[in-house]
Amino acid sequence: MQNGDETLATFVANSTDLTDTAWEVVNYNNGREAVVGLIEGTEISAYFGTEGDVSGNAGCNQYFASFTASSGSISIGMPGSTMRFCEQPAGIMEQESEYLAALQTAATYSIAGNMLQMRTAEDALAVIMVRKVVVDLPEPEPTVPQGRVNSPQGLNIRSGPGVNFPVIGFARDGDEGEIVGRSADNRWWAAAVPTAPGGIGWAS
97 MQNGDETLAT
107 FVANSTDLTD
117 TAWEVVNYNN
127 GREAVVGLIE
137 GTEISAYFGT
147 EGDVSGNAGC
157 NQYFASFTAS
167 SGSISIGMPG
177 STMRFCEQPA
187 GIMEQESEYL
197 AALQTAATYS
207 IAGNMLQMRT
217 AEDALAVIMV
227 RKVVVDLPEP
237 EPTVPQGRVN
247 SPQGLNIRSG
257 PGVNFPVIGF
267 ARDGDEGEIV
277 GRSADNRWWA
287 AAVPTAPGGI
297 GWAS
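Under our numbering, the first residue of the sequence shown carries the number 97, and numbering increases by one thereafter.
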């Protein structure tokens, strides 16, 4: 946008490349001709890696699969997962199975702003996701306590020490940051995140 010779703003189109992007699931097809939201208090995530891998948390278990995507077409392989059983909240294991099944049905995808839609070969909605913000952790000084993300699906950064606090960003596998504190129950670490409220983000 210009005013005479002065440039007022530059608009850059969002990339439609899935590689190295992180997402939070908001809706999925339950396989019974219904697109549903998540059970209250649950979260499902997806990280599309740089080597044709997609991974995340399906609500109870961590999952992983291969994927290929090009020109709006996508194919996702059969997911593997850890083998935990979660009793609460009610229905979480059914939700997990339905989401992973929906993921495999994806044949096309589109990205509009911060929303990702995947559709089946019959053009039915399979999964809807919203983009996570990747946190840029400053490089820690050698003399300060520091931590390293050691999880292929990355790590959610929250505004406080608990899953009841909102996710404010996402740290990639291998990212390093300065540790500035720990929660009273020793289950959550506080890291220096300049873009977070108060300059601190929490991870477990």
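Beta carbons: idealized from backbone N, C-alpha and C, even for Gly.
Alpha-carbon spacing of T106 relative to E147, whole angstroms: Residue 106 sits at position 10 when you count from the first residue of the sequence shown. Residue 147 sits at position 51 when you count from the first residue of the sequence shown. With a pLDDT of 42 at T106, under the threshold of 50, the predicted position of this residue should be treated as unreliable, and no value is reported.
Sub-8 Å separation of A202 and I172 beta-carbons: Numbered from 1 along the sequence shown, position 106 holds the residue referred to as residue 202. Numbered from 1 along the sequence shown, position 76 holds the residue referred to as residue 172. The Cβ atoms of A202 and I172 lie closer than 8 Å to each other.
Cβ pair R244, G270 closer than 8 Å: The residue you call residue 244 lines up with position 148 of the sequence shown. The residue you call residue 270 lines up with position 174 of the sequence shown. The Cβ-Cβ distance between R244 and G270 falls below 8 Å.
As assigned by DSSP and simplified to three states, the class of L251: The residue labelled residue 251 in the question sits at position 155 within the sequence shown. Annotated three-state conformation of L251 is strand, per DSSP.
Residue nearest to T239 in terms of C-alpha spacing, selected from L221, A208, E274: Position 143 of the sequence shown, counted from the first residue, corresponds to residue 239. Checking every option, the nearest Cα to that of T239 belongs to E274.
3 or more residues per run - each beta strand (DSSP E) lying fully within the region 227 to 251: You should have 242 to 244.
Every unbroken beta strand (DSSP E) within the region 110 to 165, with a cutoff of 3 residues, ordered by chain: With a minimum length of 3 residues, the continuous beta strand (DSSP E) runs that stay inside the region 110 to 165 are 117 to 125, 131 to 133, 141 to 144, 149 to 153.
C-alpha distance - V230 paired with V122, whole-angstrom precision: Position 134 of the sequence shown holds residue 230. Position 26 of the sequence shown holds residue 122. C-alpha separation (whole angstroms): 18 Å.
Under the three-state DSSP convention, the category T106 falls into: What you label residue 106 is simply residue 10 of the sequence shown in a count that begins at 1. Low per-residue confidence applies at T106: pLDDT is 42, beneath 50, and the placement is therefore not dependable, though the value from the model is reported in the following sentence. The answer is coil: DSSP assigns T106 none of H, G, I, E or B.
CA-to-CA distance, G265 to L196, given in whole angstroms: Sequence index remark: in the sequence shown, residue 196 carries index 100 (1-based). Sequence index remark: in the sequence shown, residue 265 carries index 169 (1-based). Across the structure, L196 and G265 are spaced so that their CA atoms are roughly 23 Å apart.
Counterpart residues of L212 in DSSP-defined beta bridges: Residue numbering aside, residue 212 sits at position 116 when the sequence shown is read from its first letter. Paired residue(s): I207, M225.
Rounded C-alpha distance that separates A217 from R278: Position 121 of the sequence shown, counted from the start, is the residue given in the question as residue 217. Position 182 of the sequence shown, counted from the start, is the residue given in the question as residue 278. Near 47 Å, if we compare the C-alpha coordinates of R278 and A217.
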